[in-house]
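Everything on this sheet refers to the single structure shown next.
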Amino acid sequence: MSLDLSSGPLQFDHKRARRFKAGPVTKACIVIFMLVVFWLVAGGFSIQGFKTWLARREARAVIQAVREERWAAAIEGIISARKLAPDDPEVLRAMIDFLKQTGSDRVTLAHLLRQLGDQEDLRLDDRLLWADTLLATGDASGARQVFEKIPLETRETAESLQIAAKLVTAEGRPDEAREINRRITQLAPESPESRLALALEDRSSPSGEKRDAARATLWDLARLGSRIALEAITHLTIDPRLTVAETEELLAINERHPHRSLPVRLGVISAQARLQPARREQLLDAEIARFQSGGGGRLEDIARWLALEKQHARLLRIVPGNLASRSRELYPIIAQSLAEEGRWSELKEMLTASKPPVSRIRADIWLAEAESHLQKDLAESRRLLETCVEAARLEKDVSNLLASVVLAEKLQLPDIALNACQLIAAMHPPSAVEALQRAQGHAATLQDTAALLGIARQLHALRPSSALFASQLAYFRLLLGDEMEKVDPASLKDDTLLAALAAFRFGDRETLARHMAGAPAGQDLAAGQRAVLAGLLATSGRPAEAFQIAEKVPAALLLDEERSFLERAQ
Numbered sequence: 035m036s037l038d039l040s041s042g043p044l045q046f047d048h049k050r051a052r053r054f055k056a057g058p059v060t061k062a063c064i065v066i067f068m069l070v071v072f073w074l075v076a077g078g079f080s081i082q083g084f085k086t087w088l089a090r091r092e093a094r095a096v097i098q099a100v101r102e103e104r105w106a107a108a109i110e111g112i113i114s115a116r117k118l119a120p121d122d123p124e125v126l127r128a129m130i131d132f133l134k135q136t137g138s139d140r141v142t143l144a145h146l147l148r149q150l151g152d153q154e155d156l157r158l159d160d161r162l163l164w165a166d167t168l169l170a171t172g173d174a175s176g177a178r179q180v181f182e183k184i185p186l187e188t189r190e191t192a193e194s195l196q197i198a199a200k201l202v203t204a205e206g207r208p209d210e211a212r213e214i215n216r217r218i219t220q221l222a223p224e225s226p227e228s229r230l231a232l233a234l235e236d237r238s239s240p241s242g243e244k245r246d247a248a249r250a251t252l253w254d255l256a257r258l259g260s261r262i263a264l265e266a267i268t269h270l271t272i273d274p275r276l277t278v279a280e281t282e283e284l285l286a287i288n289e290r291h292p293h294r295s296l297p298v299r300l301g302v303i304s305a306q307a308r309l310q311p312a313r314r315e316q317l318l319d320a321e322i323a324r325f326q327s328g329g330g331g332r333l334e335d336i337a338r339w340l341a342l343e344k345q346h347a348r349l350l351r352i353v354p355g356n357l358a359s360r361s362r363e364l365y366p367i368i369a370q371s372l373a374e375e376g377r378w379s380e381l382k383e384m385l386t387a388s389k390p391p392v393s394r395i396r397a398d399i400w401l402a403e404a405e406s407h408l409q410k411d412l413a414e415s416r417r418l419l420e421t422c423v424e425a426a427r428l429e430k431d432v433s434n435l436l437a438s439v440v441l442a443e444k445l446q447l448p449d450i451a452l453n454a455c456q457l458i459a460a461m462h463p464p465s466a467v468e469a470l471q472r473a474q475g476h477a478a479t480l481q482d483t484a485a486l487l488g489i490a491r492q493l494h495a496l497r498p499s500s501a502l503f504a505s506q507l508a509y510f511r512l513l514l515g516d517e518m519e520k521v522d523p524a525s526l527k528d529d530t531l532l533a534a535l536a537a538f539r540f541g542d543r544e545t546l547a548r549h550m551a552g553a554p555a556g557q558d559l560a561a562g563q564r565a566v567l568a569g570l571l572a573t574s575g576r577p578a579e580a581f582q583i584a585e586k587v588p589a590a591l592l593l594d595e596e597r598s599f600l601e602r603a604q
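The sequence shown runs 35 to 604 under this note's numbering.
Laid out in structure tokens, this is it:
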């Protein structure tokens, strides 16, 4: 077929063209074609890119649903978004927002914040939420690591100081917490947060007037509609002046609160059980029945409450085993309850049946305890614990090191406990003094004098102003005859025993005799120091006094060096 161009140029028939109209199918094809071209130009068509786009759209819808408290819609959106792009930052933020607003599943919330932090720089409020969530789950060391990454210039805000106060309280430093709360009140003295901080400080004041005012403030805050009210209710539940009638009012306040919380309610029930011991069993059973009949809340929360109330048998009856094996929150609670009930075979079966939803280190710590009851000796438990301590060292996991210490002490494995305590001191400076003091006891049990000297040296370096730590270091240096050149005899004038021991080590018999003339009676000294005192008395020509002290010293508790002094007096 050919075109005839003899009649001149081609003419476009506008009338015929106007009669042509694109149908819906044609329009759809054009749109799809344009989208394909766009994706090709933008860098290539990507199925995952399309899924991510859909997931982010769902995530934005979730955030809106959370704002409007449409919880069912939010949950549905989260499920859809997670199926499409579970690791996308926008999806993670939507899930975090949901868990934050509902106050549920704190373990998962902490996990999601860690995931988000792996993908982008966290905002200040993210880090504060993460630290607060870790504190709520009992992981003070993890919270400290998160808090330390907050820039110094932003740590003086009221929000940062509130987390700092909670953190040092969890670390066992109430004096620092009081100082931080004082700074919070100076920033915004009339804010609910400042009023709460001041009330918590004043409720332990020696002034009855201040205690009464603090109590009244807590009740005022409890009646607010904000989240601070739930904190105030929680603090009121441990008020020694709380009455049964007041617990009923606190329950009613919580039920009316827009963010009513099952954990807060359970705290009030615990207070009722404490105030009415004769009704304790009835109250516990009624609360379990209320939950099981649809009273609201999460199974994880009531399980944790029952564990705190030492109601392990009740807990094991209401939590399905197959659910616990998949839940990061329920799994450790059930493991602990099985241990408390002495159901070691069941615990071992649970730990070895499948991959646990917790760290392998923590699971092996529980397994080590189970094996200590199931095996004829501690060989397997020792192997497991040693492996756990090494794995925790490599992962810089302070919480599992501490769990290893607790079990090693329980199983009387002081060498493992000593190693773990020293690792904690090296990894976590805020806990170093406490960990080293704990390590001292294990080193003494092992009669590891090198470790004792090293620990004394570390403690003195950490607290150079401490007279106790300075005295301990001088004692071990003189007792062991190691690093004696670092001991200044002039600094020992206020400690007669140490001054006498220094004179003995330096061969100054005249000074030794002078110091022993004013030697302490010995009843207030530790066993090892009494042995040294007895030996020095004998060396000074006072054998009768030396023998009277020596015969009451338990030799089994002494270090070899202390025992040699005791032998001088016998």
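Every residue gets a Cβ at the ideal spot worked out from N, C-alpha and C, and that includes glycine.
Just so we're clear, the structure is a prediction, and the values are computed from it rather than from any experiment.
Item to check | DSSP three-state assignment for arginine 472, whether helix, strand or coil | outcome: helix
Checklist entry - From this set, Leu169, Met384 and Glu235, which residue's C-alpha is nearest histidine 269's C-alpha? => result Glu235
Checklist entry - So, helix, strand or coil for phenylalanine 538, using DSSP? => result helix
Checklist entry - When DSSP labels each residue in this structure, what does histidine 145 get in the three-state scheme? => result helix
Item to check | Whole-Å CB distance - tryptophan 400 paired with alanine 369, under 8 Å assumed | outcome: 5 Å
Checklist entry - With 16 as the cutoff for other CB atoms within 10 Å, does leucine 147 come out buried or exposed? => result buried
Next on the checklist: Could you tell me the alpha carbon to alpha carbon distance between tryptophan 87 and aspartate 152, rounded to whole angstroms?
Outcome noted: 21 Å
Checklist entry - Using CA coordinates, which residue listed in Leu428, Val423, Glu187 and Gly376 is at the minimum distance from leucine 408? => result Gly376
Next on the checklist: With H, G and I counted as helix, E and B as strand and the rest as coil, what does DSSP make of valine 439?
Outcome noted: helix
Checklist entry - Which residues in the same chain have their Cβ closer than 8 Å to the Cβ of leucine 349, if we skip the five residues on either side of it in sequence? => result Ala337, Leu340, Ala341, Ile367, Ile368 and Ser371
Checklist entry - If we ignore side chains and look at the alpha-carbon of each, how far apart do glutamate 642 and arginine 229 end up? => result A query on residue 642 cannot be resolved here, the shown segment of the chain reaching from 35 to 604 and no further.
Item to check | Buried or exposed (CB count within 10 angstroms, at least 16 for buried), alanine 524 | outcome: exposed
Checklist entry - Can you check whether the CB of leucine 435 is closer than 8 Å to the CB of alanine 426? => result yes
Next on the checklist: By the DSSP assignment, the alpha helix (DSSP H) with leucine 357 in it spans what residues?
Outcome noted: 355-358
Checklist entry - Using 8 Å as the threshold, is the stretch 167-179 in touch with the stretch 432-449, meaning 3 or more CB pairs across them? => result yes
Next on the checklist: Measuring straight from C-alpha to C-alpha, what distance separates tryptophan 253 and alanine 266?
Outcome noted: 7 Å
Next on the checklist: Which same chain residues end up closer than 7 Å to glutamate 517 when comparing Cβ atoms and leaving out the 5 residues on each side of it in sequence?
Outcome noted: Arg511
Next on the checklist: Tell me whether the stretch 187-195 and the stretch 167-177 touch, counting them as touching only if at least three CB pairs, one residue from each stretch, are closer than 8 Å.
Outcome noted: no
Item to check | Continuous alpha helix (DSSP H) stretch holding arginine 290: start and end | outcome: 278-290
Checklist entry - DSSP three-state call for threonine 271: helix, strand or coil? => result coil
Next on the checklist: Quick check: valine 141 and arginine 332, are their CB atoms within less than 8 Å of each other?
Outcome noted: no
Item to check | Closest by C-alpha distance to valine 467, when choosing among Arg207, Val96 and Arg91 | outcome: Arg207
Checklist entry - If you pair each beta-carbon of the stretch 530-550 with each one of the stretch 565-581, do three or more pairs fall below 8 Å? => result yes
Checklist entry - Just to confirm, are asparagine 215 and alanine 231 a CB contact at a threshold of 8 Å? => result yes
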